[in-house]
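Student: Under the numbering used here, the first residue of the sequence shown is numbered 361, with each subsequent residue one higher.
Take a look at this one; I'll ask things after.
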Amino acid sequence: MKPVRVWDDVTPEIFATEIRPLGEPALLRGMVRNWPIVSAAIDEPFGAVRYLEKRMANGPLEFALAPPESEGILHYRPDMKAFTYSKRQAPFAEIVAALEASANGANPATIAIQSLDIESHLAGFLIDHPMPLLPQDVAPRIWIGNRAKVATHNDPLDNIACNVAGHRRFTLFPPEQIGNLYMGPLHVTPAGTPISMVHLTNPDLERFPRFTDALESASVAELEPGDALFIPYQWYHHVEALDPLNILINYWWNDALKDGGSPWDAMLHAIMAIRQLPAEQRRAWRANFDHYVFLENGDPGEHLPDFARGILKSSKPEDIDSMRSQLLKALSGQIR
């Protein structure tokens with residue numbers, strides 16, 4: 361697998377004008393090296409959690425717990441009727457104690473606090489840990505645990521993942537590889553997004569032969585404390601925490617048009633309305649989607665006068681409201 365391109369001394373201008381337009385993952389070396397929590401992590405093995413203990417709000421926190429035989433893999437069990445882990449709750453101090461106790465074990469249980477909202481749980485943290493590449497209203501989340509393996513998935517948002525403590529390995533696949541990743545169910549998922557059924561660290565290539573094609577297009581990034589990784593919108597990624605203590609802070613955001621609704625909802629509707637059609641009808645709708653949605657032929661209303669474009673322009677609030685009303689009316693009729 362090829363290494364992700366490394367960028368040093370990234371400024372907001374470089375990120376906006378050089379990195380994002382590429383549409384590819386980027387390793388931002390030393391991006392948050394000056395954060396106090398990173399300094400604490402480098403000074404001593406559990407220094408980062410000591411830093412957090414002084415600021416963490418009281419009350420139990422939810423975490424994932426997987427037995428030693430799971431080997432850190434957070435996934436479905438073989439029968440797919442449950443996951444390899446369970447959800448528990450405990451005060452932060454107890455979770456930290458369990459992490460410390462597991463640090464010297466040869467095959468410890470997997471412990472993972474996942475996607476904890478920082479603003480709600482860590483008073484004053486954001487003031488001392490700015491992210492200059494993004495607007496201030498982008499809310500970060502924190503992930504704390506030991507050697508966990510998070511299955512290949514994607515996010516419906518752009519993502520900057522900042523490695524605070526320990527080392528992490530990201531393996532990334534472009535969105536076009538979806539057909540080679542053998543994605544799991546859409547309706548029952550570990551965290552709301554489908555995951556690949558292939559275990560990256562021990563793939564069953566007899567069962568999942570096309571995964572070799574996915575690997576040919578994959579890229580890998582190894583993050584040290586203070587490094588950050590830009591993961592573009594919808595890129596698939598497998599995340600492996602490599603040390604007895606690993607902490608990551610990430611930022612999800614989407615600055616694209618939000619008034620038009622959810623692309624995910626649109627896909628679900630397309631699955632319901634189009635997928636079951638005969639092949640020749642699906643062919644026709646593929647052409648329609650390519651023309652009107654994916655703009656394969658350019659602006660579909662370019663040959664029309666502006667006043668006649670209507671929803672083809674779809675940038676005016678009244679046009680979006682008109683489309684929304686049509687959808688609501690149609691869906692209400694189907695439900696009845």
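Ideal Cβ placement from N, Cα and C applies to all residues, glycine included.
Note that this is a predicted model, so its numbers are computed, not measured.
1. Can you tell which of E460, N467, I502 has the C-alpha that lies nearest to the C-alpha of D477?
2. Find out if the Cβ-Cβ distance for the pair A470, A508 is shorter than 8 Å.
3. Determine, using beta carbons only, whether K414 comes closer than 8 Å to chain C.
4. Just to confirm the assignment, what range does the alpha helix (DSSP H) spanning V409 have?
5. Report the partner residues of D368 according to the DSSP bridge assignment.
6. By Cβ distance below 8 Å, which residues in the same chain neighbour R696 in space, the five residues on each side in sequence not counted?
7. Kindly list the residues whose CB is nearer than 8 Å to the CB of Y542, restricted to its own chain and excluding five residues on each side of it in sequence; keep chain order.
8. Whose C-beta lies closer than 8 Å to the C-beta of D679 among residues of the same chain, with five residues either side of it excluded?
9. Note down the Cα distance separating G586 from P451, rounded to an integer number of angstroms.
10. Report the option in N514, E584, K676, I487 whose CA atom is closest to the CA atom of P396.
11. What is the rounded straight-line gap between the Cα of P420 and the Cα of Q474?
12. Touching or not, the region 510-522 and the region 632-651, by the rule of three or more beta carbon pairs under 8 Å?
13. Confirm, please, whether the CB-CB distance from V510 to P363 is below 8 Å.
14. So the alpha helix (DSSP H) E404 belongs to, where does it begin and stop?
15. Select from Q449, Y652, A630 the residue whose C-alpha is nearest the C-alpha of R642.
16. Which complete beta strand (DSSP E) runs does the region 590-647 hold, if anything under 3 residues is left out?
17. Contact check, I607 vs I504 under 8 Å by CB: the rounded distance?
18. Which residue or residues does DSSP assign as beta-bridge partners of A472?
19. Suppose the cutoff is 7 Å on Cβ atoms and the five residues either side in sequence are ignored; what does the same chain contact list for R437 look like?
20. To the nearest angstrom, how far is it from the Cα of L691 to the Cα of K618?
21. Tell me whether N467 is buried or exposed, calling it buried when 16 or more other Cβ atoms sit within 10 Å of its Cβ.
22. What number of angstroms, rounded off, separates the C-alpha of A668 from the C-alpha of E600?
23. Rounded to whole angstroms, what is the Cα-Cα separation between A472 and N562?
24. Count the other CB atoms, across all protein chains shown, that sit within 10 Å of the CB of L434; report buried if there are 16 or more and exposed otherwise.
25. Please identify the residue among D625, P604, L589 whose C-alpha is closest to the C-alpha of E404.
26. Between R401 and A525, how many whole angstroms is the CB-CB distance? I'm expecting something under 8 Å.
Tutor: This is what the structure holds:
1. I502
2. Checking the displayed sequence, the identity of residue 470 turns out to be Thr instead of Ala. Going by C-beta atoms, T470 is nearer than 8 Å to A508.
3. No chain C is part of this structure, which consists of one protein chain only.
4. 407-413
5. R389
6. Its pLDDT being 44, under 50, R696 is placed unreliably by the model, and nothing is read from it.
7. S556, M557, V558, F568, R570, F571
8. G670, I671, K673
9. 27 Å
10. I487
11. 14 Å
12. no
13. no
14. Run containing E404: none; DSSP gives neither H nor E here.
15. A630
16. 596-601, 606-613
17. 5 Å
18. A424, G505
19. F443, T444
20. 21 Å
21. exposed
22. 53 Å
23. 21 Å
24. buried
25. P604
26. In the sequence as displayed, the identity of residue 401 is Ala instead of Arg. Sure, about 4 Å apart at Cβ, within 8 Å.
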